[in-house]
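Trainee:
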Amino acid sequence: MSKKDEKNEAKELKEKLLIKKESGVKRADAQEIAKADEFCEDYKEFLDRAKTEREAVAYAIKIAKKNGFTEYSCGERYKAGDKVFVNNRNKAVMLAVIGKKGVKRGVRLGIAHIDSPRLDLKPNPLYEANDMALFKTHYYGGIKKYQWTAIPLALHGVVALKDGSTVTVNIGEKPGEPCFCVTDLLPHLAAEQMSKTMVKGFTGEDLNILVGSRPFNNDSESEQVKLNVLAILNEKYGITESDFLSADLEMVPAFKAVDIGFDKSMIGSYGHDDRVCAYPALMAAIDVKTPEQTVITVLTDKEEIGSDGNTGMKSLYMYDFIADLAETDGVELRHVLAQSTCLSADVNAAYDPTYASAYEANNSCFINNGTVITKYTGSGGKSGTSEATAEYMAHIRSIFDEAGVIWQSGELGKVDGGGGGTIAKYVANLNVDVVDLGVPVLSMHAPFEVVSKLDVYMTYRGILEFYRAK
Ligand code: MN
Ligand code: MN
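Numbering-wise, the sequence shown is residues 5 to 474 according to the working numbering.
1. At what residue ranges does the segment 320-362 contain a whole run of the beta strand (DSSP E), taking only runs of 3 or more?
2. Give a yes or no on whether the C-beta atoms belonging to Ser456 and Met270 are separated by under 8 Å.
3. Write down the C-beta distance between Phe452 and Gly272 rounded to the nearest angstrom, noting that I regard them as a contact closer than 8 Å.
4. Beta-carbon separation of Thr301 and Arg93 under 8 Å?
5. Using C-beta distances below 8 Å, list every residue in its chain close to Ser27, excluding the 5 sequence neighbours before and after it, in chain order.
6. Give me the Cβ distance between Ile213 and Met255, rounded to the nearest whole Å; I'm assuming they're in contact under 8 Å.
7. Ligand 2 and Asp277: does the residue's C-beta get closer than 7 Å to at least one heavy atom of that ligand?
8. Mind checking who Ile115 pairs with in its DSSP beta bridge?
9. For Thr463, report the span of its alpha helix (DSSP H) as first-last.
10. Consult DSSP for Gln228 and reduce its assignment to one of helix, strand or coil.
11. If we require 3 or more residues per run, which beta strand (DSSP E) segments fall completely within the segment 195-224?
12. Hey, quick one: how far does the alpha helix (DSSP H) through His160 stretch, first residue to last?
13. State the beta-bridge partners of His142 as determined by DSSP.
14. Name the two residues that bound the continuous beta strand (DSSP E) containing Pro257.
15. What is the DSSP secondary structure of Phe370, counted as helix, strand or coil?
16. By Cβ distance, which residues of its chain are closer than 7 Å to Ala38, with the 5 residues on each side in sequence left out?
17. Do Ile243 and Val163 count as a contact pair if the criterion is CB distance below 8 Å?
18. Relative to the alpha-carbon of His339, which residue among Pro179, Thr153 and Val107 has its alpha-carbon at the smallest distance?
19. Across the segment 224-235 and the segment 413-431, are there enough close Cβ pairs to call them in contact, namely three or more that are closer than 8 Å?
20. Could you tell me whether the Cβ atoms of Tyr396 and Asp437 are closer together than 8 Å?
21. At what residues does the beta strand (DSSP E) containing Met270 begin and finish?
22. Just mark Ile377 as buried or exposed, buried being the case when its beta carbon has 16 or more other beta carbons within 10 Å.
23. Between the Cα of Gly275 and the Cα atoms of Asp9, Gly72, Ala116 and Lys240, which residue gives the shortest distance?
24. Over the uninterrupted alpha helix (DSSP H) stretch that includes Ser402, give me the two end residues.
25. Relative to the C-alpha of Val431, which residue among Cys185, Gly208 and Ser348 is closest?
26. Of the residues Gln151, Ser250, Ala158 and Asp305, which one's Cα is nearest the Cα of Arg58?
27. Taking the alpha-carbon positions, what's the Gly216 to Ala137 distance?
28. Looking at ligand 3, does it come within less than 7 Å of Asp305, judged from the CB to the closest heavy atom?
29. So is the beta-carbon of Val443 under 7 Å away from any non-hydrogen atom of ligand 1?
30. Could you work out which residue in Thr375, Lys69, Lys204 and Phe470 is closest to Val445 when comparing CA atoms only?
31. In chain order, what residues of the same chain have a beta carbon less than 7 Å from the beta carbon of Ile403, not counting five sequence neighbours either side?
32. Does the beta carbon of Lys87 sit closer than 8 Å to a beta carbon anywhere in chain D?
33. Beta carbon of Thr378: closer than 7 Å to some heavy atom of ligand 1?
34. Are there any heavy atoms of ligand 1 lying less than 7 Å away from the beta-carbon of Val460, as far as the coordinates show?
35. In three-state DSSP terms, what is Leu190?
36. Tell me the DSSP secondary structure of Asp3 in three-state form.
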């Protein structure tokens, strides 16, 4: 055997036995990359218009209705291909496409969350200090607090009034509208702050938002600046100070989604986690047509704070909906759940060469390498996770390989480096097969996160193929 033959033999064997190291984007053809770019134009629009869970629900229902979804009516008999939605308190939504077999052989679930880290206003937020008006906030989700200082913020949400009406607030997004911000200390005077650890350098009670600085008039009354802010709010929204008590008001970054890189291969935006999976799941729900088994796409709330509450995945709202579908089909809910499968569509931490020591490269996910399957999350010794079974992993990767979906596997950072979880375990606890699938994200939970366009598109393709599979 010549030296050259030996080399070819090794090459052939490598191809047969080893995982391909070539990055996903090298495996995608130009047509596929063009499709990914096109898909992401609409995704960017979604990012800008749906910065909060309420806005994401409204957007999803609007698109769903345009595509033939109607509001679910309990007890009604639906036929294969029918599309229904259930709105849970305007903060979570389920979209179901009835399958040829109904729910008799289980349902296919795709679940993503539409809440993101942010600064919520406290119930009594407005105060005046040294002739400045400020809002007290209570941060929502896991944030590095210093990242939220000195950036433009927009106010989104609703104020519910005692007469039963609701006022929608959205200020700081359109050109010419004011924004708000958390101030930071100038470096010249920050010697003490800079010597502290990052946790202590900027605390939760420091996240106060500047909202005004001019007095109402020249009377000698106190709190004139605060009064002026309330006068403006009263004129614009008809609210008074006590109405803050019945409000869901969120401060979110005011900037828009933009392309990142000279090659425009990536998107930078607030709230990719987890709109970057919610949008692909929504599009898959619209494109699935008539599946074999009923497909349910859930866009849920509260994931970032542990999934508690009636709009989070620890609530029974999805369970009860499947129970209603089971009853109509004349089957027991427990038999439906035992045969059901789920993609918990959530992001994973993309390997970042600048912070390489936080990752274990062999088991990390990389941007531009396709959608990422995460067998388990959790922390420490696999604590707080539902791990997908070997059999279910095999099932999912065979669907993806068959359909040419570019995918990779990933773990969340290195062992004992920290950890995190998704909604997967709450669904798995219902006796459903679940695995996490989603997009690798750089700067996760920062006000400005980065993803690759190819990975967004491959997540859409992955969820759609999962929905369509026999
Ligand atoms: Mn997430
Ligand atoms: Mn998150």
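Glycine residues also receive a C-beta, built at the ideal position from the N, C-alpha and C atoms.
Mentor: This is what the structure holds:
1. 345-349
2. yes
3. 5 Å
4. no
5. Phe370, Asn372 and Asn373
6. 6 Å
7. yes
8. Val302 and Ser348
9. Lys457 to Arg472
10. helix
11. 213-216
12. Here His160 belongs to no alpha helix (DSSP H); instead the beta strand (DSSP E) covers Leu157 to Ala164.
13. Asp124
14. Ala251 to Pro257
15. coil
16. none
17. yes
18. Val107
19. no
20. yes
21. Met270 to Ser273
22. buried
23. Ala116
24. Ala394 to Ala407
25. Ser348
26. Asp305
27. 5 Å
28. Absent from the structure shown: ligand 3. Ligands present: ligand 1 and ligand 2.
29. no
30. Thr375
31. Glu469, Phe470 and Ala473
32. No chain D appears in the structure shown, which is made up of a single protein chain.
33. no
34. no
35. coil
36. The chain is shown from 5 up to 474; residue 3 falls before or after that span and cannot be answered.
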